[in-house]
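Chemist: Numbering (my numbering), first residue to last: 1 to 394. For each residue, glycine too, the CB sits at the ideal point set by N, CA and C. Predicted model, so just to flag it, every value in this text is computed and none were measured. Starting off with a structure, shown below.
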Amino acid sequence: MTTTPAAEPLLDVQPTPLALLLLGREADPASERGVECPGDLPAASDPDLVERARAAKARLGDRVFILGHHYQRDEVIEFADVTGDSFKLARDAAARPEAEYIVFCGVHFMAESADILTSERQQVVLPDLAAGCSMADMATAEQVAECWDVLTDAGVADATVPVSYMNSSADIKAFTGRHGGTICTSSNAKRALEWAFSRGEKVLFLPDQHLGRNTAVREMGLTLDDCVVYNPHKPGGGVAPEQLRAAKMILWRGHCSVHGRFSLDSVNEVRERVPGVTVLVHPECRHEVVAAADMVGSTEYIIKALDAAPAGSKWAIGTELNLVRRLAKAHPDKEIVFLDRTVCFCSTMNRIDLPHLVWALESLADGRVVNRIQVDPETERFAKAALDRMLALP
Ligand code: SF4
1 MTTTPAAEPL LDVQPTPLAL LLLGREADPA SERGVECPGD LPAASDPDLV
51 ERARAAKARL GDRVFILGHH YQRDEVIEFA DVTGDSFKLA RDAAARPEAE
101 YIVFCGVHFM AESADILTSE RQQVVLPDLA AGCSMADMAT AEQVAECWDV
151 LTDAGVADAT VPVSYMNSSA DIKAFTGRHG GTICTSSNAK RALEWAFSRG
201 EKVLFLPDQH LGRNTAVREM GLTLDDCVVY NPHKPGGGVA PEQLRAAKMI
251 LWRGHCSVHG RFSLDSVNEV RERVPGVTVL VHPECRHEVV AAADMVGSTE
301 YIIKALDAAP AGSKWAIGTE LNLVRRLAKA HPDKEIVFLD RTVCFCSTMN
351 RIDLPHLVWA LESLADGRVV NRIQVDPETE RFAKAALDRM LALP
């Protein structure tokens with residue numbers, strides 16, 4: 001008889017030296033930009049960090065509103081006035097016009113979206129400028145402009161509607177707005193695609209190929225053959241003009257480095273290890289993982305599904321580890337395990353730690369605005385047009 005290893009240790013992993021490198025404690029200029037924070041940060045070992053964060057927040061009072069993304073560390077989430085996914089947080093910030101400072105504990109594109117959606121007098125601060133998103137970085141404005149030229153040369157640009165995932169830079173959102181497209185989240189991607197296909201024959205989906213493919217194939221009845229992948233690192237995107245003309249979904253070759261790590265093996269392995277488990281994954285996972293899972297949904301969907309699950313039920317969750325750990329703690333009556341056996345934090349999100357938060361809050365309380373994220377008015381205008389189209393989706 002074989003024994004099933006306990007699931008709990010998978011939630012109790014400790015960062016390895018490699019993970020610490022990825023978490024931004026050392027520089028790795030080859031893979032990330034801006035790994036150094038310009039601030040004079042308090043030491044991570046300072047025993048007064050929690051007290052200092054509390055005191056600075058109290059000094060700022062209603063002038064500050066702290067947003068905590070679901071994938072943040074516990075030490076940061078503790079100080080968040082509200083938690084959520086990137087779009088919910090940006091809207092929450094816009095609904096608090098009295099807050100002069102929005103401290104966004106998330107990544108760069110999220111802070112940009114908050115700046116676009118909040119009023120002129122609100123200033124958005126990202127506690128560590130090095131907190132970027134590897135997926136958003138996979139589509140630059142120049143690359144996307146070049147792609148549009150390729151589509152134009154193939155004679156398909158006029159029939160193509162861009163749909164960009166929220167997880168993209170303000171530049172890409174502005175490109176989308178300029179070309180009559182919309183933004184989508186992982187919750188409304190299907191509605192965004194339906195809207196786009198009512199206006200054009202093809203969709204250029206940026207920058208996450210997996211969300212685009214999973215939504216088109218799982219929810220819209222398209223086939224894998226209807227999709228082509230545009231690789232910005234190859235001439236012409238590595239796609240022949242006739243392939244572009246035949247395709248319905250032109251998928252940008254981008255992915256999330258966190259969700260992209262889950263594999264079909266992870267799903268098969270957890271089913272053996274935890275008999276009767278329900279596998280619930282995020283749609284940023286690869287198509288074969290999503291196809292093998294029992295349920296698929298955004299972070300908000302995952303949270304609600306676990307809230308509604310009966311006591312004693314067993315779940316393997318394919319999303320970021322900080323969130324899975326918190327969910328496991330919040331539901332001790334259910335068995336909740338992480339889908340993979342290896343550490344799977346969002347390394348860039350985890351750059352925001354207590355020293356950075358304390359530094360940002362104390363600076364603001366002293367009257368110094370640090371690490372402000374500000375989108376230029378022209379980019380903001382078109383990005384907002386794309387966001388507004390999303391808000392108006394049926
Ligand atoms: S989890 Fe993935 S998509 Fe989200 S911020 Fe991290 S790298 Fe970007």
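So who's on the other strand from A316, going by DSSP bridges?
Modeler: Answer by DSSP bridge pairing, in chain order: V279 and V337.
Chemist: Could you please go through the chain and list the residues whose beta-carbon is closer than 6 Å to any non-hydrogen atom of the ligand SF4?
Modeler: Any residue whose Cβ sits closer than 6 Å to a heavy atom of the ligand SF4 makes the list: Y71, V107, C133, S134, M135, N167, C256, S257, V258, E320, C346, T348 and M349.
Chemist: Counting Cβ pairs, one atom from each stretch, are 3 or more of them under 8 Å apart for the stretch 225-237 and the stretch 274-282?
Modeler: Contact between the stretch 225-237 and the stretch 274-282 is absent, because fewer than three Cβ pairs lie under 8 Å.
Chemist: Report the rounded CA-to-CA distance for S134 versus C256, giving the unit in angstroms.
Modeler: Whole-angstrom Cα-Cα distance: 7 Å.
Chemist: What does the alpha-carbon distance come out to for the pair A44 and W252?
Modeler: Those two C-alpha atoms are separated by around 39 Å.
Chemist: Kindly give me the distance between the Cβ atoms of R63 and E100, rounded to whole angstroms, as I take these residues to be in contact under 8 Å.
Modeler: Contact flag correct, Cβ pair sits at about 5 Å.
Chemist: Roughly how many angstroms separate the alpha carbons of E120 and K314, rounded to a whole number?
Modeler: Those two C-alpha atoms are separated by around 47 Å.
Chemist: In three-state terms, what does DSSP make of G84?
Modeler: Reduced to three states, the DSSP call for G84 is strand.
Chemist: With C-beta atoms as the reference, is T319 less than 9 Å away from R261?
Modeler: Contact flag unset, no.
Chemist: Within 10 angstroms of its Cβ, does E112 collect 16 or more other Cβ (buried), or is it exposed?
Modeler: Label assigned to E112: buried.
Chemist: Tell me where the beta strand (DSSP E) around G68 begins and ends.
Modeler: That run of the beta strand (DSSP E) goes V64 to H69.
Chemist: With distances taken Cα to Cα, identify the nearest neighbour of W148 among P162, I373 and A136.
Modeler: Ranking the options by Cα distance to W148, first place goes to P162.
Chemist: My understanding is that V125 touches V103, with C-beta atoms under 8 Å, so please give their C-beta distance in whole angstroms.
Modeler: Going by Cβ atoms, the distance from V125 to V103 rounds to 5 Å, so yes, they are a contact pair.
Chemist: Residues in its own chain within less than 8 Å of V146 by CB, not counting five upstream and five downstream?
Modeler: Note on residue identity: the sequence assigns Glu, not Val, to residue 146. Excluding sequence neighbours, E146 sits near P232.
Chemist: If the criterion is Cβ atoms closer than 9 Å, does the pair E362 and R52 meet it?
Modeler: Their beta carbons are under 9 Å apart, which means E362 touches R52 by this criterion.
Chemist: Got a sec? Which residues, its chain only, sit under 7 Å from L321 by beta carbon, not counting five neighbours each side?
Modeler: Excluding positions up to five away in sequence, the list reads F338, V343, C344 and F345.
Chemist: Between the Cα of I116 and those of A246, K202 and V375, spot the shortest distance and give me the residue it belongs to.
Modeler: The shortest Cα separation from I116 among A246, K202 and V375 belongs to V375.
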